[in-house]
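In this note's numbering, the protein residues as written are 819 to 1215.
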């Protein structure tokens, strides 16, 4: 060990962020383990480090006793007094036992222990540093990709973006600068792992927080988000200030605010709707741009189902392409939505927003089950039912 070792410690601290104390402790533990293993010694040994010279010494700790039973662990009072007349029974004396030829085996053992401790320290350092960025937007550089992941360099660490978190309409090439949401900071058997995403609903939320000061300061609140990444997003917002229009605030003058978010997401369509405390009004807004005549709720409150009546000519618009509009509306509101055209309903009370004497014909219903992955649409006639079986897309602050 020498001054070169001290320089190596400084380099590790600067490049890896691992403090010298952690490295020294790792080497001490390595030397103790190597000494006991390779020299078959059972003493209570410890290692001293000279911070000025960069040298290590192996020291055997022995207890002063009247009569020695094990000379590897004990020293007689008589011998102790020859060293220092102040020693008493029960005191501990440290003797240097550093072998002159510590040897190749001991060095290899020390190296293995040191590398393990360094990996652990580096892993902890990464987790401590980046855990503060969980659920936050960061900018990274694409390094490479394989069949499972896109690898993104964030600061001094490499994050992974699984296939499910990659936008279907984007191609990621090396050296591309991209903005991602940190979804997980943890560790596995290989070390620290940071997972990022561009498809998570919170990605949209964070982008709007950056574009709309009123959202960042809490004046306007994002209640929930339903997203099919790369294609379309519905976002429900409300205002905590009666003088501020939440939808107009998010859209911005000439649509500049929402357009900036759309551009960041590669042209993904974003519908911003106003959240209402009244579920019928909220469902009607969620089905935008379709016109809603009336909303009627089922008797089972836990099931949270709603029958929605729309004009005949608006049925396709309410359902959307491949059921997307009603599917996203169901996720946004957390209601199972059954859509029927006006012609199938004998009587509609528009004042109470309820329907009566609805046609009870199972042959004219179309059911759509909404899940996280996607929804399969089974068509029968002109009616659509959507059920949100996942709460993951709902965002509340």
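Beta carbons: idealized from backbone N, C-alpha and C, even for Gly. Predicted model only: the values in this text are computed from it and were never measured.
Indicate the three-state DSSP secondary structure (helix, strand or coil) for residue 1148 in the structure shown.
-> Within the chain shown, residue 1148 is the residue found at index 330, counting from 1. In this structure, residue 1148 counts as helix in the three-state DSSP scheme.
Residues of its chain near residue 845, where Cβ-Cβ distance is below 8 Å and the 5 sequence neighbours each way are ignored | Translated into positions along the chain shown, residue 845 becomes position 27. Within the same chain, residue 845 has close Cβ partners 865, 867, 874, 928 and 932.
So who's on the other strand from residue 1044, going by DSSP bridges?
-> Counted from its first residue, the chain shown places residue 1044 at position 226. 1052.
Is residue 999 buried or exposed, if buried means 16 or more other CB atoms sit within 10 Å of its CB?
-> Taking the first residue of the chain shown as position 1, residue 999 is located at position 181. Around the beta carbon of residue 999, 16 or more other beta carbons lie within 10 angstroms, which makes this residue buried.
Heavy atom of the ligand GDP less than 8 Å from the Cβ of residue 964, yes or no?
-> What this structure holds is no ligand at all, so the ligand GDP is not there to describe.
First through last residue of the alpha helix (DSSP H) which encompasses residue 1024 = By 1-based counting over the chain shown, the position of residue 1024 is 206. Element bounds for residue 1024: 1019-1029.
Using the C-alpha atoms, what's the distance from residue 1086 back to residue 1050?
-> Here the question's residue 1050 lines up with position 232 in the chain shown. Here the question's residue 1086 lines up with position 268 in the chain shown. Residue 1050 and residue 1086 have their alpha carbons spaced roughly 5 Å apart.
Pull up the distance between the alpha-carbon of residue 1073 and that of residue 1096, whole angstroms please.
-> By one-based count along the chain shown, residue 1073 stands at place 255. By one-based count along the chain shown, residue 1096 stands at place 278. Cα to Cα, the separation comes out at about 28 Å.
Neighbourhood of residue 968 by C-beta distance below 7 Å, restricted to the same chain and skipping five residues each side | Counting from one through the chain shown, the residue named residue 968 turns up at place 150. If we look at residue 968 and ignore the five residues flanking it on each side, its Cβ neighbours are 960, 979, 984 and 990.
Taking only beta-carbon positions, decide if residue 942 is within less than 9 Å of chain B.
-> As a matter of chain content, chain B is missing from the structure shown, which is built from one protein chain.
To the nearest angstrom, report how far apart residue 886 and residue 898 are at their CA atoms.
-> As a first step, residue 886 must be located in the chain shown, where it is residue number 68. As a first step, residue 898 must be located in the chain shown, where it is residue number 80. Rounded to the nearest whole angstrom, the C-alpha separation of residue 886 and residue 898 is 12 Å.
Exposed or buried, what is residue 1138 when buried is set at 16 or more other beta-carbons lying within 10 Å of its beta-carbon?
-> Position 320 of the chain shown, counting from 1, holds the residue named residue 1138. That one is buried.
Which residues does DSSP pair with residue 968 in a beta bridge?
-> Within the chain shown, residue 968 is the residue found at index 150, counting from 1. Beta-bridge partners assigned by DSSP to residue 968: 963 and 979.
For the beta strand (DSSP E) containing residue 1087, list its first residue and its last residue.
-> If you number the chain shown from 1, residue 1087 lands on position 269. Note, residue 1087: beta strand (DSSP E), 1087-1092.
Look up residue 933 in the DSSP assignment and say whether it is helix, strand or coil.
-> What you label residue 933 is simply residue 115 of the chain shown in a count that begins at 1. Of the three classes helix, strand and coil, the one that applies to residue 933 here is helix, per DSSP.
Taking the DSSP output, what are the residues bridged to residue 1112?
-> The residue labelled residue 1112 in the question sits at position 294 within the chain shown. DSSP lists 1127 as the bridge partner or partners of residue 1112.
Taking the CB atoms as reference points, tell me whether residue 1079 and residue 1038 lie closer together than 9 Å.
-> To locate residue 1079, count along the chain shown from 1; it is residue 261. To locate residue 1038, count along the chain shown from 1; it is residue 220. Contact flag unset, no.
Return the first residue and the last residue of the beta strand (DSSP E) that residue 777 is part of.
-> Coverage of the chain is limited to positions 819 through 1215, which leaves residue 777 absent and any answer about it impossible.
Is the distance from the Cβ of residue 1053 to the Cβ of residue 1044 below 9 Å?
-> Position 235 of the chain shown holds residue 1053. Position 226 of the chain shown holds residue 1044. Going by C-beta atoms, residue 1053 is nearer than 9 Å to residue 1044.
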